[in-house]
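Following: one structure in structure tokens, then a few remarks.
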Amino acid sequence: MRFFIALVLLVTLLSTSCNFVTSTKTVTVEDKSIDSTKTYDIALVNNTKDPACGMPVTAGISDTAHYNGKVLGFCSTECKVSFKKDPAALIAAAELKK
Ligand SMILES: [Zn+2]
């Protein structure tokens with residue numbers, strides 16, 4: 016009987032630890048989950064300033080764009096649109112993080 020109890024406990028422990036391992040697989044945030052309706056974390060972008068208007072991204076990012084493998088944050092869609100018209104001229108103003 017004791018053996019049976021020990022076996023049950025062992026099985027319970029094993030299944031609990033299996034569940035634990037499964038639950039530690041955290042969901043990673045992927046770029047495709049980002050849409051224009053959400054606000055962005057400044058940690059997600061590579062620039063410190065909105066290249067179009069010069070506003071610091073810490074003031075708030077409402078849109079982002081990819082440029083040369085970097086993610087750029089913009090205070091508004093209008094700024095993103097004007098950046099996309101001439102990114103080469105404005106990229107220096109983005110003050111990319113090192
Ligand atoms: Zn702006």
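My numbering numbers the first residue of the sequence shown as 16 and each following residue consecutively.
Glycine included, C-beta positions come from ideal geometry on N, C-alpha and C.
Just verifying my parser: in three-state terms, what is the DSSP assignment at Thr-63? Residue 63 sits at position 48 when you count from the first residue of the sequence shown. Coil, per DSSP.
Exercise. Quick one: what's got a C-beta closer than 7 Å to Thr-37's C-beta in the same chain, skipping five residues either side?
Worked result: By one-based count along the sequence shown, residue 37 stands at place 22. Since pLDDT at Thr-37 reaches only 48, below the 50 mark, its modelled position is unreliable, and the value read off the structure follows with that caveat. Result list for Thr-37: empty, nothing under 7 Å.
**Item:** Val-96, buried or exposed, once every other Cβ within 10 Å from all chains shown has been counted against 16
**Value:** The sequence position of residue 96 within the sequence shown is 81, counting from 1. So Val-96 ends up on the exposed side.
Could you tell me whether any non-hydrogen atom of ligand 1 is closer than 8 Å to the CB of Thr-101?
By one-based count along the sequence shown, residue 101 stands at place 86. Looking at the sequence itself, residue 101 is Asp, so the reference to Thr does not match. Asp-101 Cβ: outside cutoff for every heavy atom of ligand 1.
Notebook entry, point to check: Would you say Ala-67 touches ligand 1, meaning its beta carbon is less than 8 Å from a heavy atom?
Noted result: Counting from one through the sequence shown, the residue named residue 67 turns up at place 52. Yes, since a heavy atom of ligand 1 falls inside the 8 Å radius drawn around the Cβ of Ala-67.
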